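Engineer: Handing you this structure, nothing more for now.
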Amino acid sequence: MSAPVALILAAGQGTRMRSCTPKVLHDLCGRPLIAWPVAAARAAGAGRIVVVDAPARPLDGRLADDVEIVVQPQPNGTGGAVRAAAGALERDVDVIVLSGDVPLVSAQALSDLLSAHARSGAAATLASTVLDDPAGYGRVVRAPDGSLERVVETKEPGDATPEELAIGEVNTGIYVFDGGALLDVLERLRPDNAQGELYLPDALALLRDGGARVDVQLVDDPALVLGVNDRVQLAQVRELCRRRIIEDHQRAGVDVVDPGSTIIDADVELGRDTVVEPFTVLRGATRAGERCRIGPGTTLTDMTLGDDVVVLHTYGVQADLHDGVQVGPFAYLRPGTVVRAGAKIGTFVEVKNSDIGTGTKVPHLSYVGDADVGPGTNLGAGTITANYDGRHKHRTTIGTGVKGGVHVSLVAPVELGDHSWTAAGSVVTKDVPAGALGIARERQRNLENYDERRRESAASEPLAAGEP
Ligand code: UD1
Ligand code: CA
């Protein structure tokens, strides 16, 4: 038998989100909602993956290349969405239907559902679950033999009776259909309900009326089927997802000191014995090796950390920190920054698009932008690269073993040769050759007896020009 096709419904308007962004593109732990069921379907062994999109095709370009998109011409309900995809279905291939807004479904739950369906030979199998608060979900009405009689919708008043509203078993919106059986009933769906929409669950009742069997498979983890319809549910689902991601890291050997104050996106990778301190946010494709210490109070997005890296109270985006690097407290690392092994970026230091050499130190109060800094160099407190002349960015090149004075401005393009020095307070506009000391500041002069002269002169009598 060929692998089932996964049909993911994502053309709904998501009006309850009250957003300009399509619902399934809202972020859940670093991925859009829609990416979650797509990943689960793929891992459960789906062959083709077909997503039903709205006419404006907001999902175009936002899905993996192997995902097919079909368009539902108007938002006339979940039944209309499947009808729009009829051309992509085959009679002898099972169809697993998922919702783009039910992100926590696991590959395991989907393969369990697929095998239950294959074993029973039913025309369709619906995944249900029991919720403490089933409000808003379709309720599962079972026949005396346990099979499905029908699903009652409850979103709008009018579809369900009080007895039906009391049912705790809900439709998860996940189903497996025999391809041919589904194609046969799709055209017979009618919008005779409170919303005036084509309800996909009505296809199940039509199959049953035609004498076919429709099974219900109870999934015992309600979290797997929590739907996101509004932002309250989005936050609830996000909280569950966040906890799970953290627990997976903890089981794999990462020490998350305070799970309650820590956010780790789904695609973050952390090595063993790495410690994540409180109030730390690890976003996107951030990767860290082993024995790192990250946080407290640190936000890293798409960062790469080697082993034994320490990052305290820092905000970093798209920077690459090699083994043994130390950063912070209170540093800002910006895209294109590479900090090589054992280097140190200290307190109130901003680094952008720069290469900081092995063992080099930028310990205090500096801005290093568009610079290439060799190994074993020490930049004094308050080193600033003036990399922008108002029109163009220019690079600063700093060699090996350079000793930078404090409060030095490096007006790019400029180069400090290997083992050169700069004097404190210099505004360096010309290259400093290897081994030289660059002094670029006014020499100090002292006015002797200044205080006495001031007291002697009358208050009205101005002092000599140039004297304060
Ligand atoms: C649906 C089910 C309900 C079930 C619940 C589980 C129906 C009528 N009801 O309700 O029984 O308990 O899911 O989460 O199916 N969509 C389209 N085109 C449309 C309308 C919706 O593609 O015209 C998509 C949506 O983007 C969404 C999914 O179908 O991903 C479900 O639609 P939604 O309106 O959220 O249905 P629910 O009211 O949640
Ligand atoms: Ca929904």
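The working numbering applies: residue 32 is where the sequence shown begins, and numbers increase by one. Note that CB positions come from ideal geometry on N, CA and C, so glycine has one too. Since the structure is predicted, the reported quantities are computational estimates derived from the model, not experimental observations.
For G61, which residues from the same chain have a beta carbon less than 7 Å from its beta carbon, with the 5 sequence-adjacent residues on both sides left out?
Structural biologist: D296, A297, D298, R314, G315
Engineer: Identify every residue that forms a DSSP beta bridge with K424.
Structural biologist: Y419
Engineer: If I'm right that V340 touches C323 with Cβ under 8 Å, what's the distance once you round it to whole angstroms?
Structural biologist: 5 Å
Engineer: What does the Cβ neighbour count give for Y363, buried or exposed, with the cut at 16 atoms within 10 Å?
Structural biologist: Buried, by the Cβ-count rule.
Engineer: Helix, strand or coil: how does DSSP classify L120 here?
Structural biologist: coil
Engineer: Mapping the DSSP letters down to three states, classify L59 as helix, strand or coil.
Structural biologist: Residue state, collapsed to three classes: strand.
Engineer: Between the C-alpha atoms of V370 and V458, what's the straight-line distance to the nearest angstrom?
Structural biologist: About 25 Å.
Engineer: Between which residues of its own chain and R221 is the CB-CB distance below 8 Å, once the five residues before and five after are set aside?
Structural biologist: Correct list, in chain order: L229, D233.
Engineer: Starting from R269, trace the alpha helix (DSSP H) both ways and give me its first and last residue.
Structural biologist: First-last of the alpha helix (DSSP H) with R269: 262-282.
Engineer: According to DSSP, is H148 part of a helix, a strand, or is it coil?
Structural biologist: If DSSP states are grouped into helix, strand and coil, H148 belongs with the helices.
Engineer: Within this structure, are the beta carbons of T453 and G432 separated by less than 8 Å?
Structural biologist: No, these two residues do not count as a Cβ contact at 8 Å.
Engineer: Considering just the uninterrupted stretch of the beta strand (DSSP E) at E218, what are its terminal residues?
Structural biologist: Segment: none, E218 is in no beta strand (DSSP E) and carries neither H nor E.
Engineer: Which full runs of the beta strand (DSSP E) of 3+ residues lie inside the stretch 193-237, going along the chain?
Structural biologist: Listed in chain order, they are 200-208.
Engineer: State yes or no: is the C-beta of T156 nearer than 7 Å to some heavy atom of ligand 1?
Structural biologist: no
Engineer: Reducing DSSP to helix, strand and coil, say where L141 ends up.
Structural biologist: helix
Engineer: Apart from the five residues just before and just after E381, which ones in its own chain have a Cβ nearer than 6 Å to its Cβ?
Structural biologist: Cβ within range, chain order: Y363, Y398.
Engineer: Based on Cα-Cα distance, which residue from Q349, E195, D123, N202 lies nearest to G211?
Structural biologist: For the residues Q349, E195, D123, N202, the minimum Cα distance to G211 belongs to D123.
Engineer: Which runs of the beta strand (DSSP E) at least 3 residues long sit entirely within the stretch 296-329? Give them in chain order.
Structural biologist: 312-314
Engineer: Which one or two residues does DSSP pair with I294 in a beta bridge?
Structural biologist: V312
Engineer: Rank G78, A402, L40, R88 by C-alpha distance to the C-alpha of D132 and give the top, closest one.
Structural biologist: L40
Engineer: Taking the C-alpha atoms as reference points, what is the distance between G328 and V307?
Structural biologist: 10 Å
Engineer: Can we say the stretch 100-109 touches the stretch 81-89, given the rule of at least three CB pairs closer than 8 Å?
Structural biologist: Contact check between the stretch 100-109 and the stretch 81-89: three or more CB pairs, one atom from each, fall below 8 Å, which counts as touching.
Engineer: If you pair each beta-carbon of the stretch 111-121 with each one of the stretch 44-51, do three or more pairs fall below 8 Å?
Structural biologist: no
Engineer: With a Cβ-Cβ cutoff of 8 Å, do A75 and S142 count as a contact?
Structural biologist: yes
Engineer: From the DSSP output, read off the bridge partner residues of N409.
Structural biologist: K392, K434
Engineer: Helix, strand or coil for V439? Go by DSSP, reduced to three states.
Structural biologist: coil
Engineer: I'd like the span of the beta strand (DSSP E) that includes T160, first residue to last.
Structural biologist: Residue range 155-161 is occupied by the beta strand (DSSP E) that includes T160.
Engineer: Going by the beta-carbon positions, is the gap between I127 and V69 smaller than 8 Å?
Structural biologist: In this structure, V69 does not lie closer than 8 Å to I127 by Cβ.
Engineer: In the DSSP output, what is Y168 paired with across the bridge?
Structural biologist: Paired residues: none, contrary to the question.
Engineer: Per the DSSP calculation, S451 is bridged to which residue(s)?
Structural biologist: DSSP links S451 through a beta bridge to no other residue.
Engineer: Expressed to the nearest angstrom, what Euclidean distance is found between the alpha-carbon atoms of E180 and I198?
Structural biologist: 14 Å
Engineer: With three or more beta-carbon pairs closer than 8 Å as the criterion, would you say the stretch 239-256 touches the stretch 152-161?
Structural biologist: The stretch 152-161 and the stretch 239-256 touch, with three or more beta-carbon pairs separated by less than 8 Å.
Engineer: On a CA-only basis, which of V342, G177, G169 is nearest K186? Give me that one, please.
Structural biologist: Comparing Cα-Cα distances from K186 to each of V342, G177, G169, the minimum goes to G169.
Engineer: To the nearest angstrom, how far is it from the Cα of H425 to the Cα of D351?
Structural biologist: 21 Å
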